[in-house]
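Residue numbers (this note's numbering): 216 to 623.
What follows is a short report on a single structure.
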């Protein structure tokens with residue numbers, strides 16, 4: 216080769232080198248299997264094997280992508296992953312742990328543990344006659360706190376939305392009067408399997424609201440989730456525990472029409488219905504912050520139309536069952552808590568108890584004052600609010616004085 220002739224480029228392992236430059240090895244010899252790269256042999260080089268080295272001074276992207284992460288990033292990713300694994304483990308272990316008691320799902324006879332709990336639970340005072348109270352109202356109308364107040368009597372037991380788990384995709388609940396009647400009469404044999412709320416609460420007893428509310432209402436707060444899960448599935452225990460309480464309170468919201476309660480009232484003579492009302496604007500505003508509120512639930516006109524329909528149905532129901540239908544306004548509970556609840560107790564024929572007054576005063580300190588949101592009010596809402604105001608002013612419960620209520 217002429218020493219003055221420029222060397223021809225060659226290719227070794229997909230990289231371009233000058234002749235005599237290091238190629239396949241340290242000798243500087245070219246790979247005899249790879250043709251020289253020139254205008255004729257270029258077509259013989261596969262495109263995928265041909266790499267152009269980056270300009271001098273630049274770091275290849277591949278190297279940048281493989282740079283090790285910093286200590287702070289590593290700690291963040293570690294904690295992030297650990298949190299997910301812990302949450303997953305918590306749910307799985309809880310589910311599996313509870314399922315170990317599937318053999319005790321339904322027990323018809325008192326177990327040794329059940330007998331012990333019947334002795335450990337507080338003594339329940341008796342009243343002269345049994346009272347069954349059904350509380351209904353709109354979601355976010357104060358129905359839960361009202362049910363808690365009415366069931367704060369030591370002789371009361373409270374069933375929190377027992378039909379909730381039967382709710383379908385349209386947010387409606389098929390009315391099961393037989394289940395409600397059996398709960399009112401404390402007949403749990405054959406009832407527990409029909410209450411899917413028991414299976415729900417027993418599967419995930421992690422302190423979630425329905426579990427805590429149901430546990431509170433059953434006056435079994437002394438039990439931990441596992442103990443409550445076993446006792447709630449013992450029919451004999453539930454019947455004896457329920458029968459100790461002369462006042463049975465059931466709360467359901469507006470998922471089924473009021474008129475469906477008529478057959479139940481005809482069968483259960485000591486049953487009373489407490490219908491809770493609240494300003495539809497306040498209901499609507501309170502619902503906007505709830506995850507379950509979507510679609511028509513967030514439409515103020517729709518909310519007012521539903522309240523309007525319920526007002527008409529309430530009037531018909533009151534005429535059909537005089538003396539057994541009590542209207543209660545949430546605003547009265549906020550403004551005059553003790554007087555209002557005392558008047559309701561009087562209407563229901565339940566003797567007043569000091570523990571109820573203590574509970575009402577305690578809850579009154581927690582309650583915030585209601586406010587009316589500033590929005591354009593649809594015509595139907597104006598009409599509904601006027602009717603509610605008229606009913607509230609004419610409500611006979613506010614004519615009762617505190618002294619007229621019987622004190623135990």
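Glycine included, C-beta positions come from ideal geometry on N, C-alpha and C.
Can you have a look at residue i and say buried or exposed, based on whether 16 or more other CB atoms are within 10 angstroms of its CB?
{"i": "residue 373", "result": "buried"}
{"i": "residue 474", "result": "exposed"}
{"i": "residue 322", "result": "buried"}
{"i": "residue 361", "result": "buried"}
{"i": "residue 293", "result": "exposed"}
{"i": "residue 352", "result": "buried"}
{"i": "residue 395", "result": "buried"}
{"i": "residue 580", "result": "exposed"}
{"i": "residue 494", "result": "buried"}
{"i": "residue 505", "result": "exposed"}
{"i": "residue 532", "result": "buried"}
{"i": "residue 303", "result": "exposed"}
{"i": "residue 558", "result": "buried"}
{"i": "residue 576", "result": "exposed"}
{"i": "residue 570", "result": "exposed"}
{"i": "residue 476", "result": "buried"}
{"i": "residue 280", "result": "Residue placement at residue 280 is flagged as unreliable, the pLDDT there being 47, under the threshold of 50; the coordinate-derived value follows with that caveat. It counts as exposed."}
{"i": "residue 383", "result": "Residue placement at residue 383 is flagged as unreliable, the pLDDT there being 46, under the threshold of 50; the coordinate-derived value follows with that caveat. So residue 383 ends up on the exposed side."}
In whole angstroms, what is the alpha-carbon distance linking residue i and residue j?
{"i": "residue 368", "j": "residue 568", "result": "7 Å"}
{"i": "residue 527", "j": "residue 468", "result": "17 Å"}
{"i": "residue 378", "j": "residue 541", "result": "22 Å"}
{"i": "residue 296", "j": "residue 290", "result": "10 Å"}
{"i": "residue 608", "j": "residue 348", "result": "24 Å"}
{"i": "residue 547", "j": "residue 449", "result": "40 Å"}
{"i": "residue 590", "j": "residue 510", "result": "19 Å"}
{"i": "residue 453", "j": "residue 406", "result": "11 Å"}
{"i": "residue 329", "j": "residue 535", "result": "43 Å"}
{"i": "residue 562", "j": "residue 538", "result": "8 Å"}
{"i": "residue 451", "j": "residue 459", "result": "13 Å"}
{"i": "residue 442", "j": "residue 434", "result": "13 Å"}
{"i": "residue 338", "j": "residue 327", "result": "19 Å"}
{"i": "residue 350", "j": "residue 560", "result": "13 Å"}
{"i": "residue 401", "j": "residue 550", "result": "35 Å"}
{"i": "residue 486", "j": "residue 497", "result": "30 Å"}
{"i": "residue 298", "j": "residue 445", "result": "31 Å"}
{"i": "residue 392", "j": "residue 602", "result": "31 Å"}
{"i": "residue 478", "j": "residue 447", "result": "28 Å"}
{"i": "residue 578", "j": "residue 566", "result": "20 Å"}
{"i": "residue 508", "j": "residue 325", "result": "42 Å"}
{"i": "residue 439", "j": "residue 503", "result": "34 Å"}
{"i": "residue 490", "j": "residue 606", "result": "12 Å"}
{"i": "residue 530", "j": "residue 574", "result": "31 Å"}
{"i": "residue 301", "j": "residue 432", "result": "31 Å"}
Once you ignore the five residues that flank residue i on each side, which residues in its own chain have a CB closer than 6 Å to its CB?
{"i": "residue 604", "result": "none"}
{"i": "residue 363", "result": "none"}
{"i": "residue 336", "result": "none"}
{"i": "residue 480", "result": "486, 536"}
State yes or no: is the C-beta of residue i within less than 9 Å of the C-beta of residue j?
{"i": "residue 515", "j": "residue 499", "result": "yes"}
{"i": "residue 455", "j": "residue 365", "result": "no"}
{"i": "residue 403", "j": "residue 457", "result": "yes"}
{"i": "residue 463", "j": "residue 556", "result": "no"}
{"i": "residue 461", "j": "residue 331", "result": "no"}
Hey, residue i and residue j are a contact pair by Cβ (cut 8 Å); roughly how many whole angstroms apart?
{"i": "residue 599", "j": "residue 522", "result": "5 Å"}
{"i": "residue 596", "j": "residue 519", "result": "4 Å"}
{"i": "residue 517", "j": "residue 610", "result": "Actually they do not touch by this definition, with Cβ atoms about 26 Å apart."}
{"i": "residue 346", "j": "residue 564", "result": "6 Å"}
{"i": "residue 572", "j": "residue 553", "result": "6 Å"}
{"i": "residue 466", "j": "residue 370", "result": "The Cβ separation is near 17 Å, so there is no contact."}
Apart from the five residues just before and just after residue i, which ones in its own chain have a Cβ nearer than 7 Å to its Cβ?
{"i": "residue 501", "result": "355"}
{"i": "residue 472", "result": "528"}
{"i": "residue 616", "result": "The pLDDT assigned to residue 616 is 43, lower than 50, so where the model puts this residue is not dependable; a value taken from the coordinates is nonetheless given after this. Closer than 7 Å at the Cβ level, and outside the excluded window around residue 616, lies no residue."}
{"i": "residue 593", "result": "515, 516, 519"}
{"i": "residue 483", "result": "347, 396, 399"}
Consider the Cβ of residue i: report whether some Cβ of chain D lies at a distance smaller than 9 Å.
{"i": "residue 594", "result": "Of the protein chains in this structure there is only one, and it is not chain D."}
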